[in-house]
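Undergrad:
2 protein chains.
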Amino acid sequence: MALKDVDVFFKPRGVAIVGAARESFKPGHVILRNFLENMINGVFSGELYAVNPNADRVLGLKCYRSVKNIDGVVDLSVIAIPAKLVPGALEECGEKNVEGAIIISSGFKEVGNSELEEEVKRISRRYGIRIIGPNCLGVYDAYTGVDTIFLQQTRTIGGSPVLATPRPKPGPIAIITQSGAIGAAILDYMSGVEMGVSKFISYGNKVDVDEVDLIDYLGNDEKTRVIALYIESIDRGTEFIDTAGKVSLKKPIVAMKAGKSEGGARAAASHTGALAGTYRIYEAAFKQSGVVLVQTLEELMDCAKALAYQPPAPEGNITIVTDGGGAGIMAVDTLESLGVRVNTLPEDLLERFEEMKRKNIIPVFAAIKNPIDLTGIATVEMYTESLKILIQSSWVNCILIIALHHIPTLEGDFPDRLIEICRESTKPIIACDIGEAEMSKRVRSRLEKAGIPAYQTPERAAVAAWSLIEYGRHIRKLMVETIMKSIKPTQKS
Amino acid sequence: MALKDVDVFFKPRGVAIVGAARESFKPGHVILRNFLENMINGVFSGELYAVNPNADRVLGLKCYRSVKNIDGVVDLSVIAIPAKLVPGALEECGEKNVEGAIIISSGFKEVGNSELEEEVKRISRRYGIRIIGPNCLGVYDAYTGVDTIFLQQTRTIGGSPVLATPRPKPGPIAIITQSGAIGAAILDYMSGVEMGVSKFISYGNKVDVDEVDLIDYLGNDEKTRVIALYIESIDRGTEFIDTAGKVSLKKPIVAMKAGKSEGGARAAASHTGALAGTYRIYEAAFKQSGVVLVQTLEELMDCAKALAYQPPAPEGNITIVTDGGGAGIMAVDTLESLGVRVNTLPEDLLERFEEMKRKNIIPVFAAIKNPIDLTGIATVEMYTESLKILIQSSWVNCILIIALHHIPTLEGDFPDRLIEICRESTKPIIACDIGEAEMSKRVRSRLEKAGIPAYQTPERAAVAAWSLIEYGRHIRKLMVETIMKSIKPTQKS
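In structure tokens form, the structure reads like this:
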């Protein structure tokens with residue numbers, strides 16, 4: 002039953018907003034408005050009902066006293082009312098045969114109200130209602146228009162509208178987050194840098210639906226190419242390893258676990274109430290299940306982008322092409338600190354580059370051992386000729402292009418020329434240009450529109466490249482294990 | 002002699018551009034234009050001369066056949082001609098009593114031409130001319146208008162002007178970089194994020210002026226509040242420790258050393274030709290001289306900003322105030338990974354916060370042990386009341402404010418209210434708001450304009466706060482050592 006039901010959170014036929022308030026700042030009001038706007042824009046195609054016993058109409062919509070009074074089908078309820086009223090409302094949802102409820106309300110276990118939370122759990126079990134929350138932002142589905150995030154997209158400051166909590170455009174990245182605040186921050190970040198989201202789930206206290214259910218569901222979601230996970234604690238360890246392990250073979254999961262340090266674990270315990278456990282256990286579990294584990298929020302976003310747009314590396318040989326020696330060194334330092342050796346190119350490749358030197362295709366004083374440093378007189382032809390060789394080579398598994406645009410010999414259209422040559426590659430490719438002024442942003446944006454993830458520093462690009470190598474390692478290991486398991490019984494019989 | 006002479010690079014009375022080319026893309030042309038524009042804008046106030054034996058006028062300026070033909074005083078020459086012609090030109094500079102020469106030209110040791118470089122060194126010694134370069138970008142002084150960066154600020158792409166290598170506005174951060182490419186990238190970054198620069202020096206092959214001379218000089222530069230250093234190798238180790246140690250007592254030095262890993266060191270060796278030495282030696286040297294050592298380019302910029310605008314922490318007790326539990330945990334994790342323990346608040350402070358709970362000033366379920374988590378119903382009053390207590394407390398040495406703007410209870414003007422209360426503090430304060438959309442950028446920008454460095458993620462903010470604690474530790478140690486040294490002889494006598 003579990004697997005099938007989660008679907009209702011993303012593709013409901015009828016949605017009831019329980020607590021559809023008149024006051025524009027209240028969660029129930031914002032959520033109702035989200036759905037209405039998405040309905041008008043043709044993104045949300047279900048039926049929508051407002052539940053509020055104290056109002057006739059909200060935002061032009063007729064108000065029902067209870068979910069039970071609605072004639073049409075309601076398969077999803079979004080509950081945004083004071084905590085103590087939640088059990089009653091949930092009971093009515095059960096009687097109406099609602100399949101899923103997103104409980105936005107806070108005031109449960111996170112403030113010490115464990116008993117109230119247990120009551121919610123009992124009611125959900127009794128009626129078989131799946132629950133997301135309580136104490137969460139709930140769901141944002143960029144494709145179906147489900148949006149239970151109670152934070153207004155735009156706020157009015159000094160009389161002017163300011164984009165405060167924008168929703169990202171549709172895209173390939175799914176977000177699962179235990180923290181609502183981090184969730185809102187991630188949406189804000191993704192909007193600003195034009196990263197696209199498939200499904201976003203902030204599940205709060207996880208009285209029912211947790212990361213295991215969601216990973217399982219997203220594993221089969223066509224719109225999702227990568228799952229990014231922010232967690233503070235995992236309760237169902239064995240199921241997590243099992244499910245994540247299966248999903249990792251289909252699509253990458255990248256995770257960040259907060260509460261790594263002693264002080265961090267103590268803070269996590271007082272935040273979610275859950276005992277975080279020692280970080281080493283999490284590290285082992287992630288490794289076993291093929292999850293790419295990152296250290297910071299920035300890395301979570303950077304690696305999700307890389308994994309969404311580039312294939313995993315079949316082996317660990319990465320080659321760096323650069324026009325700045327220093328930037329190349331930075332990338333090497335980062336890769337080696339993450340356990341990826343940047344090996345010297347093999348003899349046959351070195352000979353190909355020596356030949357290019359002799360033919361004056363690349364500078365005679367270019368460094369070619371890896372990184373390949375085309376130096377400050379690099380032209381786009383030097384890049385494309387070098388890339389041709391690397392793309393053809395079976396030794397090269399992953400390519401990091403550092404093209405700092407500042408040098409005069411690199412013409413303005415160089416990103417297009419790089420894109421052209423990279424189209425011929427099946428190898429993973431990551432790019433970097435440093436700077437925050439016009440041209441640099443333009444270079445990165447152009448590359449990204451062509452599916453080449455581009456980063457602001459060599460170190461961030463290196464971490465992104467590492468994630469493709471790390472994921473490649475993971476799936477090779479998982480595949481071997483899967484084959485081993487499938488062989489065993491035959492051998493025994 | 003050494004110390005006094007370096008001044009000429011930043012405050013020349015007469016500058017000759019040797020190799021003032023007619024072609025707009027050539028280094029000598031771009032440099033001449035830089036000076037001319039800065040002259041028109043009233044930033045550069047020295048005399049300017051163009052040297053080019055093959056032209057009558059360039060950019061409207063009369064051309065001299067040689068530096069020797071110039072009647073007026075020339076104390077600085079900028080040399081941008083083919084490498085093989087450099088010794089001759091330098092010789093003429095010597096005869097003209099030029100005090101400093103910036104040799105932009107490449108084609109020396111970095112391409113194997115060590116002999117030519119030695120010749121340059123001999124000429125400079127013979128005439129006592131100080132040299133920056135060769136193979137460098139040279140100098141950008143945002144206050145005096147010296148700008149020898151041969152990369153055009155604006156490039157024309159598809160018929161439209163695009164800001165490609167902008168120069169940052171004047172400000173308190175000095176940049177010393179061994180790599181020109183990284184230097185250009187840093188200028189681009191600083192411009193884009195509105196960080197101000199005092200003096201920028203890319204010194205390339207350092208045949209004469211090196212990081213030791215520059216740190217010494219910048220230590221006495223009034224416009225410089227922090228020195229940020231990118232290096233691949235240090236040749237004069239003892240002098241570096243000595244000079245950096247003295248300067249660290251006056252102002253912070255933050256450094257990044259590329260070539261940390263085995264592969265990175267190999268790449269560094271083929272980049273600058275210098276043997277990089279093992280990283281541990283550098284670590285020890287930096288520690289001994291009070292230099293704050295960071296790991297990435299992003300950290301270099303982030304910490305430079307923190308150190309430029311906030312005082313060092315007198316001790317290591319940092320307190321975090323947040324409205325997002327997860328974000329607080331991330332900051333703790335980062336701080337503890339860097340060796341800063343985030344301690345539980347002492348009894349008296351805990352009691353003050355308990356009292357605030359009893360008075361309903363902060364939520365009863367707020368976490369108060371450190372981080373202080375005001376939760377998703379935080380108001381600006383909760384922040385200001387909490388900050389008042391922390392600012393007054395002698396236990397608290399450094400404050401990290403995480404104020405994620407997304408929560409509805411945090412009003413639009415909250416940055417102004419935070420700024421107001423922070424003005425009363427002499428403790429170092431760092432801030433964080435996550436997001437890349439309008440409101441988030443606005444929050445950070447507002448805080449920064451008031452001198453509170455603000456960061457995009459809790460981890461980056463934590464690294465910045467760490468740098469203030471680390472610098473505080475360093476200067477305490479250096480001070481003790483200095484006092485010990487000064488006491489010794491007295492005790493002996």
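Protein chains in written order, with this note's numbering: chain A, 2 to 494; chain B, 2 to 494. Glycine included, each C-beta is placed from N, C-alpha and C at the ideal position.
For chain A, find out if any of its Cβ atoms is closer than 8 Å to the Cβ of ALA259 of chain B; answer yes or no.
TA: Taking Cβ atoms only, chain A reaches closer than 8 Å to ALA259 of chain B, which makes this a yes.
Undergrad: With which residues is GLU48 of chain B paired in a DSSP beta bridge?
TA: DSSP output for GLU48 of chain B lists B:GLY15 as bridge partner(s).
Undergrad: Within 10 angstroms of its Cβ, does MET2 of chain B collect 16 or more other Cβ (buried), or is it exposed?
TA: Note that MET2 of chain B scores 36 on pLDDT, short of 50, meaning its location in the model is unreliable; the coordinates nonetheless yield the value given after this. Looking at its Cβ environment, which holds fewer than 16 other Cβ atoms inside 10 Å, MET2 of chain B is exposed.
Undergrad: Give me the chain B residues within the contact set of LYS370 of chain A, using Cβ-Cβ distance strictly less than 7 Å, ordered along the chain.
TA: Near LYS370 of chain A (Cβ distances below 7 Å), the residues of chain B are SER271.
Undergrad: Using a C-beta to C-beta distance shorter than 9 Å, which residues of chain B count as neighbours of GLY193 of chain A?
TA: The contacting residues are GLY436, GLU437, ALA438, GLU439, SER441 and LYS442.
Undergrad: According to the neighbour-count rule (16 or more other Cβ atoms, all chains shown, within 10 Å of its Cβ), is TRP467 of chain A buried or exposed?
TA: By the 10 Å Cβ count, TRP467 of chain A comes out buried.
Undergrad: Whose C-beta lies closer than 7 Å to the C-beta of ASP189 of chain A among residues of the same chain, with five residues either side of it excluded?
TA: Closer than 7 Å at the Cβ level, and outside the excluded window around ASP189 of chain A, lie THR166 and PRO167.
Undergrad: Could you name the residues of the same chain whose beta carbon sits closer than 6 Å to that of GLN499 of chain B, not counting the 5 residues immediately before and after it, in chain order?
TA: There is simply no residue 499 of chain B to check, as chain B begins at 2 and stops at 494 in what is shown.
Undergrad: Pull out every residue of the region 142–164 of chain A whose Cβ sits closer than 8 Å to any Cβ of chain B, in chain order.
TA: From the region 142–164 of chain A, only PHE151, LEU152, GLN153, ARG156, THR157, ILE158, GLY159, VAL163 and LEU164 have a Cβ closer than 8 Å to chain B.
Undergrad: Please determine, among B:GLU460, B:ILE150 and B:MET485, the residue with the shortest C-alpha to C-alpha distance to LYS27 of chain B.
TA: Of the candidates B:GLU460, B:ILE150 and B:MET485, the one whose C-alpha sits nearest the C-alpha of LYS27 of chain B is B:ILE150.
Undergrad: Assign MET191 of chain B to one of two classes, buried (16 or more other C-beta atoms within 10 Å of its C-beta) or exposed (fewer than that).
TA: So MET191 of chain B counts as buried.
Undergrad: Leaving out the 5 sequence neighbours to the left and right, which residues in its chain are closer than 7 Å to LYS210 of chain B when beta-carbon positions are compared?
TA: Note that residue 210 of chain B is Val in the sequence shown here, rather than Lys. VAL7, ARG131, ILE132, ILE133 and TYR204.
Undergrad: Using the C-alpha atoms, what's the distance from ILE174 of chain B back to GLU195 of chain B?
TA: Distance between the alpha carbons of GLU195 of chain B and ILE174 of chain B is about 12 Å.
Undergrad: Any chance the region 300–318 of chain B sits against the region 248–267 of chain B, with 3 or more Cβ pairs inside 8 Å?
TA: Touching, yes, given that three or more Cβ pairs across the two stretches are closer than 8 Å.
Undergrad: Within the 8 Å Cβ cut-off, does LEU219 of chain B reach chain A?
TA: Answer no: the Cβ-Cβ gap between LEU219 of chain B and chain A never drops below 8 Å.
Undergrad: Run through chain B and tell me which residues come within less than 7 Å of SER180 of chain A, C-beta to C-beta.
TA: Ordered by position in chain B, the residues that pass the 7 Å Cβ test against SER180 of chain A are GLY325, GLY326 and GLY327.
Undergrad: Buried or exposed: LEU4 of chain B, going by 16 or more other Cβ atoms within 10 Å of its Cβ?
TA: A caution first: LEU4 of chain B carries a pLDDT of 39, below 50, which makes its placement in the model unreliable, though a value can still be read off. Label assigned to LEU4 of chain B: exposed.
Undergrad: Comparing alpha-carbon positions, which option in B:ALA56, B:ASN55, B:SER67 and B:ASN344 lies nearest VAL16 of chain B?
TA: For VAL16 of chain B, the nearest C-alpha among the options comes from B:SER67.
Undergrad: Of the residues B:ILE453, B:THR483, B:ALA438 and B:ILE484, which one's Cα is nearest the Cα of PRO162 of chain A?
TA: Of the listed residues, the one whose Cα sits closest to PRO162 of chain A is B:ALA438.
Undergrad: Please check if any C-beta of chain A sits within less than 8 Å of the C-beta of GLY413 of chain B.
TA: Chain A, which has a Cβ nearer than 8 Å to the Cβ of GLY413 of chain B, makes this yes.
Undergrad: Smallest Cα separation from GLU284 of chain A: which of A:GLY238, A:ILE202 and A:SER199?
TA: Out of A:GLY238, A:ILE202 and A:SER199, A:GLY238 has the C-alpha closest to the C-alpha of GLU284 of chain A.
Undergrad: Hey, which unbroken runs of the beta strand (DSSP E) at 3 residues or more fall wholly within the region 126–204 of chain A?
TA: As far as the region 126–204 of chain A is concerned, its whole beta strand (DSSP E) runs of at least 3 residues are 131–133, 139–142, 155–158, 161–164, 171–178 and 198–203.
Undergrad: Please work out which residues of its chain come closer than 7 Å, Cβ to Cβ, to GLY325 of chain B, disregarding the five sequence neighbours upstream and downstream, and give them in chain order.
TA: Cβ within range, chain order: ILE403 and LEU405.
Undergrad: Measuring alpha carbon to alpha carbon, tell me which of A:PRO88, A:GLN457, A:PHE366 and A:ILE373 ends up nearest ASN1 of chain A.
TA: With chain A represented from 2 up to 494, any question about residue 1 of chain A goes unanswered, as that position is not in the structure.
Undergrad: Report the residues of the region 383–406 of chain B with a CB closer than 7 Å to any CB of chain A, ordered along the chain.
TA: Here the close residues are LEU405 and HIS406.
Undergrad: Output needed in chain order: residues of the region 347–369 of chain A with a Cβ under 7 Å from some Cβ in chain B.
TA: Going along the region 347–369 of chain A in chain order, one finds PHE366 and ALA368 with a Cβ nearer than 7 Å to chain B.
Undergrad: Just verifying my parser: in three-state terms, what is the DSSP assignment at VAL9 of chain A?
TA: Reduced to three states, the DSSP call for VAL9 of chain A is helix.
Undergrad: Helix, strand or coil, according to DSSP, for LEU401 of chain A in the structure here?
TA: Three-state result, LEU401 of chain A: strand.
Undergrad: May I ask which residues mark the beginning and end of the alpha helix (DSSP H) holding ILE497 of chain B?
TA: This structure does not reach residue 497 of chain B, given that chain B is present from 2 up to 494, and the question cannot be answered.
Undergrad: State the start and end residues of the unbroken beta strand (DSSP E) segment that holds GLY101 of chain B.
TA: Counting along the chain, the beta strand (DSSP E) containing GLY101 of chain B begins and ends at 101–104.
Undergrad: I'd like to know if the region 65–82 of chain A and the region 92–100 of chain A are in contact, where contact means that at least 3 CB-CB pairs between them fall below 8 Å.
TA: With the cut-off at 8 Å, the region 65–82 of chain A and the region 92–100 of chain A touch.
Undergrad: With DSSP collapsed to three states, give me the class of VAL341 of chain B.
TA: If DSSP states are grouped into helix, strand and coil, VAL341 of chain B belongs with coil.
Undergrad: Drop a sphere of 10 angstroms on the beta-carbon of GLY73 of chain B, count the other beta-carbons inside from all chains shown, and report buried for 16 or more, exposed for fewer.
TA: Looking at its Cβ environment, which holds fewer than 16 other Cβ atoms inside 10 Å, GLY73 of chain B is exposed.
Undergrad: Taking the alpha-carbon positions, what's the ILE235 of chain B to ILE330 of chain A distance?
TA: So the alpha carbons of these two residues sit roughly 16 Å apart.
Undergrad: According to DSSP, simplified to helix, strand and coil, what is THR376 of chain A?
TA: It is helical.
Undergrad: Return the Cβ separation of GLY327 of chain A and ALA182 of chain B in integer angstroms, given the expectation that the two are a contact with Cβ distance under 8 Å.
TA: Right, their Cβ atoms sit about 6 Å apart.
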